[in-house]
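Worksheet: one structure, shown below.
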Amino acid sequence: REQLLMEQEEFKSRLGETANQPSISRKDWIRLETERNGFKELVDTLTADNDAIVTAMNQTESTLPLHIVRLLEIMPWDARAKQHAKAIEEVFEWQIYKGGKWHGHIRHFPQVIRKMPVIKARPGSVMAEETTSRRLFGEDPPQQCVLTDGGITKVINIDEGFPLPEKGGLWQWVGGWRVDKRVSIASDIVTASPKHKIDCDGEGWSYSESHTNFVSNPTELCWDNANRTGRTVLRPWRRRKWTRQRALLSYPYASERSKHYLRLLADNEQNTMIANKLSDQLVDTKTKLTEAEEGFMRTKDTLVRERDELVDQLNTRESEMYRMIEVGLSELASSSGNKLAIKGAEGDEKPNLVDQIGKEGVDKVMNLLSNVVTTSTTAISSATQSLRKPEEKQDEKTEMPPDVGEKENQTTTTPPAENASTESKQQPFDWKMIGSGNFIEKLKSSQAGTAILQGIARRTGQEKSPIEDVSIPIVHEDTASHDAVVSTTA
1 REQLLMEQEE
11 FKSRLGETAN
21 QPSISRKDWI
31 RLETERNGFK
41 ELVDTLTADN
51 DAIVTAMNQT
61 ESTLPLHIVR
71 LLEIMPWDAR
81 AKQHAKAIEE
91 VFEWQIYKGG
101 KWHGHIRHFP
111 QVIRKMPVIK
121 ARPGSVMAEE
131 TTSRRLFGED
141 PPQQCVLTDG
151 GITKVINIDE
161 GFPLPEKGGL
171 WQWVGGWRVD
181 KRVSIASDIV
191 TASPKHKIDC
201 DGEGWSYSES
211 HTNFVSNPTE
221 LCWDNANRTG
231 RTVLRPWRRR
241 KWTRQRALLS
251 YPYASERSKH
261 YLRLLADNEQ
271 NTMIANKLSD
281 QLVDTKTKLT
291 EAEEGFMRTK
301 DTLVRERDEL
311 VDQLNTRESE
321 MYRMIEVGLS
331 ELASSSGNKL
341 AIKGAEGDEK
351 PNLVDQIGKE
361 GVDKVMNLLS
371 NVVTTSTTAI
381 SSATQSLRKP
391 EEKQDEKTEM
401 PPDVGEKENQ
411 TTTTPPAENA
421 STESKQQPFD
431 WKMIGSGNFI
441 EKLKSSQAGT
451 AILQGIARRT
461 GQEKSPIEDV
471 SIPIVHEDTA
481 SHDAVVSTTA
């Protein structure tokens, strides 16, 4: 029957070519039919000794039509033979919404589904499942689910394998079961609510108000969502399609040439499926990599902005610290009872702030500097560490300089008890930690800063204070004729 249909199509195509010619007469029609029958008898005679063709001629029901068997035996490379050398099986999984959740077991479905005939594979009519492509990309529908054909006429049980045609050849699965996520066909029909282009969600489910809508008009009556209203679902039926491809390996009494060609076709289909799967994975990986790079750039911009904010805060603290030192020194100088003076190069006399502040004032200033600098250094270190790459980060610990041992100043007479209380209050401090640049320049250029650095040098027992070499004569009020020259080096 299929052979006759194919021949009729060929005959119609030949008639189409002669459409502009005068209409064919009955005599010519009979002549063409006789010619066709003669060719058929000639083909049957030439292939009468071929066991595969003879077997196909004697079979009433077969997966492969007779003309396809002939093509596979004579011209296996023909495009029509390739179309019958592979097939795609499809089943539809169903679920129904009841009691606030989706159910897939058949006991939750109405009688129209439960009364359908169940089709299952007979022993010996299934294919081997352990194929390479299945191990790589195989997937099965869930157990104890409702599977039907496309027309919803029978329930298919694939727990023991998919039921294949009993006659027609040896087949092999190419890959495993896969969810088919289809795209709906555009329609000009205007519905009451907007129609989505994609008729299934991310898991392949299509939703509808009734199971018959999937057969009558799925492109217009099936949607990609259940249309929830609280706990109520307006589309309680949903289904998705599973597909699996199979390839023909052999058929009864097939020649070695045909078997070899069919094996090559099956391997080609399998490799094509693997290549497509790897290509999809590569695209997904590239997309994720692009998203990761964008996230890294956003994080980097955020860290740079936070670093700049910390630097601004540090500069603000430095300015406030310098102002507080100036104010504190002025208050200490005004409240001091000593009347000392520093004689400059021109001989003018200025109050000696070092002696006016005294040991207690210098200790307060040093503690203030130590606390502010330690806080600022920690903030800068944290901002710098956050901008480094993970592989360049190392566990670093900022070690405070060791306590500078206090030496008793020969020019001051402080009681031992006062020394003990002062040592307990003094924090570890290194004048180098206060930084460089503008802050040091400000200290050097002001009388208060010079007094601070001189006091630090005297309190730490250094021979020279941490500023450039200057000679400052210290004039005491009770002995104005006595000049004490203190040399300091940066």
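Using UniProt numbering, the first residue of the sequence shown is number 1, and each one after it goes up by one. Note that beta-carbon positions come from the ideal geometry of N, C-alpha and C, so glycine has one too.
{"Query": "Taking the alpha carbon of N268 as the point to measure from, which residue in R257, T287, L248, S255 has its own alpha carbon closest?", "Result": "L248"}
{"Query": "Identify whether H260 lies in helix, strand or coil by the three-state DSSP scheme.", "Result": "helix"}
{"Query": "On the DSSP letters alone, give me the boundaries of the alpha helix (DSSP H) that F109 sits inside.", "Result": "Neither: F109 is in no alpha helix (DSSP H) and is coded neither H nor E."}
{"Query": "To the nearest angstrom, how far is it from the Cα of M75 to the Cα of A254?", "Result": "13 angstroms"}
{"Query": "H67 and M6 look like a contact to me (Cβ under 8 angstroms); what is the Cβ gap, rounded to whole Å?", "Result": "6 angstroms"}
{"Query": "Buried or exposed: where does T243 fall if 16 or more other Cβ atoms within 10 Å of its Cβ makes it buried?", "Result": "exposed"}
{"Query": "Can you tell me whether A226 is buried or exposed, with buried defined as 16 or more other CB within 10 angstroms of its CB?", "Result": "buried"}
{"Query": "So, helix, strand or coil for A87, using DSSP?", "Result": "strand"}
{"Query": "Classify I274 as helix, strand or coil using the three-state DSSP reduction.", "Result": "helix"}
{"Query": "Looking at I96: is its Cβ nearer than 8 angstroms to the Cβ of H103?", "Result": "yes"}
{"Query": "Go ahead and label S208 buried or exposed: buried means 16 or more other beta carbons lie within 10 angstroms of its beta carbon, across all protein chains shown.", "Result": "buried"}
{"Query": "Tell me whether the beta-carbon of I156 lies closer than 8 angstroms to the beta-carbon of L147.", "Result": "yes"}
{"Query": "On the premise that L264 lies in contact with G169, defined as a C-beta separation below 8 angstroms, what is that separation, rounded to the nearest angstrom?", "Result": "Going by Cβ atoms, the distance from G169 to L264 rounds to 16 angstroms, so no, they are not a contact pair."}
{"Query": "Can you tell me where the alpha helix (DSSP H) with G38 in it begins and where it stops?", "Result": "26-46"}
{"Query": "By alpha-carbon positions, which one of Q144, S13, F162, G99 ends up nearest to R122?", "Result": "F162"}
{"Query": "Let me know the secondary structure DSSP gives G435 once reduced to three states.", "Result": "Low confidence applies here, because G435 scores a pLDDT of 46, under 50, leaving its location unreliable; read the following figure in that light. Coil at G435, not helix or strand."}
{"Query": "Taking contact to mean 3 or more Cβ pairs, one atom from each stretch, closer than 8 angstroms, check whether the segment 77-90 and the segment 47-54 are in contact.", "Result": "no"}
{"Query": "What is the rounded straight-line gap between the Cα of H211 and the Cα of R238?", "Result": "8 angstroms"}
{"Query": "Is it the case that the Cβ atoms of R231 and G100 are separated by a distance below 8 angstroms?", "Result": "yes"}
{"Query": "Could you give the C-beta distance for E73 and S258, rounded to a whole number, given that I count them as a contact under 8 angstroms?", "Result": "6 angstroms"}
{"Query": "Whole alpha helix (DSSP H) runs in the segment 189-257 with 4 or more residues, listed along the chain?", "Result": "213-216, 218-221"}
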